[in-house]
Amino acid sequence: MHKESMSDRISLRMRTLKLKSKDLTDATGASKGTVSQWVNGGTEPSSKYMSPLAGVLGVSERWLLEGGHIEEVSGNAIPGPDLYRRVPLLSQVQAGNWKEIVENHFDELTEWIETTAKVSPYAFSLRVVGDSMSNPGSGVSLPEGSIVIVDPEGDPVNGRIVVARLKSTNEATVKKLSIDGPNIYLMPLNPNYKPIQLDSMCEIVGVCVRVEQSLI
Numbered sequence: 504m505h506k507e508s509m510s511d512r513i514s515l516r517m518r519t520l521k522l523k524s525k526d527l528t529d530a531t532g533a534s535k536g537t538v539s540q541w542v543n544g545g546t547e548p549s550s551k552y553m554s555p556l557a558g559v560l561g562v563s564e565r566w567l568l569e570g571g572h573i574e575e576v577s578g579n580a581i582p583g584p585d586l587y588r589r590v591p592l593l594s595q596v597q598a599g600n601w602k603e604i605v606e607n608h609f610d611e612l613t614e615w616i617e618t619t620a621k622v623s624p625y626a627f628s629l630r631v632v633g634d635s636m637s638n639p640g641s642g643v644s645l646p647e648g649s650i651v652i653v654d655p656e657g658d659p660v661n662g663r664i665v666v667a668r669l670k671s672t673n674e675a676t677v678k679k680l681s682i683d684g685p686n687i688y689l690m691p692l693n694p695n696y697k698p699i700q701l702d703s704m705c706e707i708v709g710v711c712v713r714v715e716q717s718l719i
């Protein structure tokens, strides 16, 4: 018995909506050859294409990934809590080199996190290391092991939790952004750690939009 594949589901929706391959290339930004591979079953779409692909096909990302009962989504619909997308889970070094990975090694990523956060196609996730963002008081706290969803296209305004790359180690760190006039600091939530002044040796990689935390 033939097991339905993602290419089968893509082809089904293209026939239903009378879409051409060009409609998919226009909507996703993928090349003609890449879309052809999706339709023919040569490869499956990578994470950065899933959201726009689901949008042009009028379905949820869940249905594209898993099949089953079709979940149609109109262009004006507000996504429900069951609609999610996958974002890659990166190491501190990978997050620090995210631009280079997106351009050259995106399809080599193997770990993924599911999220309902509304983020750009270039979003990723990062596991918090250490206790510098563990707040002993009230308010936001990111204990070690928490996974943050990061959007490189988010707006890094004062007070946001951001991911910044330290050029001295080429690794990424999660901190709260504090802007005090001309001075910009990366602030830990744990008072036992010192702030880091943002200078030419640091650059903001993205804005944290959600935290995923296991309770067990």
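Numbering-wise (my numbering), the sequence shown opens with residue 504 and increments by one. Where is the CB? At the ideal position from N, CA and C, for every residue including glycine. Just so you know, these numbers come straight off a predicted model, no measurement behind them.
Please give me, in chain order, every unbroken run of the beta strand (DSSP E) with length at least 3 that falls completely inside the region 600-670.
Qualifying beta strand (DSSP E) stretches, in chain order: 615-618, 627-630, 650-654, 664-669.
In terms of DSSP beta bridges, what is residue 526 paired with?
Taking the first residue of the sequence shown as 1, we reach residue 526 at position 23. Answer is none; residue 526 lacks a bridge partner.
Suppose the cutoff is 7 Å on Cβ atoms and the five residues either side in sequence are ignored; what does the same chain contact list for residue 656 look like?
Counted from its first residue, the sequence shown places residue 656 at position 153. Contacts found: 623, 625.
Going straight from the alpha carbon of residue 672 to that of residue 597, what length do you get?
Numbered from 1 along the sequence shown, position 169 holds the residue referred to as residue 672. Numbered from 1 along the sequence shown, position 94 holds the residue referred to as residue 597. Between residue 672 and residue 597, the C-alpha separation is close to 12 Å.
By Cβ distance below 7 Å, which residues in the same chain neighbour residue 688 in space, the five residues on each side in sequence not counted?
Sequence index remark: in the sequence shown, residue 688 carries index 185 (1-based). Around residue 688: 681, 698, 699, 700, 701.
When the Cα of residue 633 is compared with those of 648, 621, 639, 640, which residue comes out closest?
For the purposes of this step, residue 633 is taken as the residue at position 130 of the sequence shown. Closest by alpha carbon: 648.
Where does the unbroken alpha helix (DSSP H) through residue 554 begin, and where does it stop?
Walking along the sequence shown from the start, residue 554 turns up at place 51. It spans 550-560 - the alpha helix (DSSP H) in which residue 554 sits, taken as one unbroken run.
Across which residues does DSSP place residue 715 in a beta bridge pair?
Within the sequence shown, residue 715 is the residue found at index 212, counting from 1. Answer is 650.
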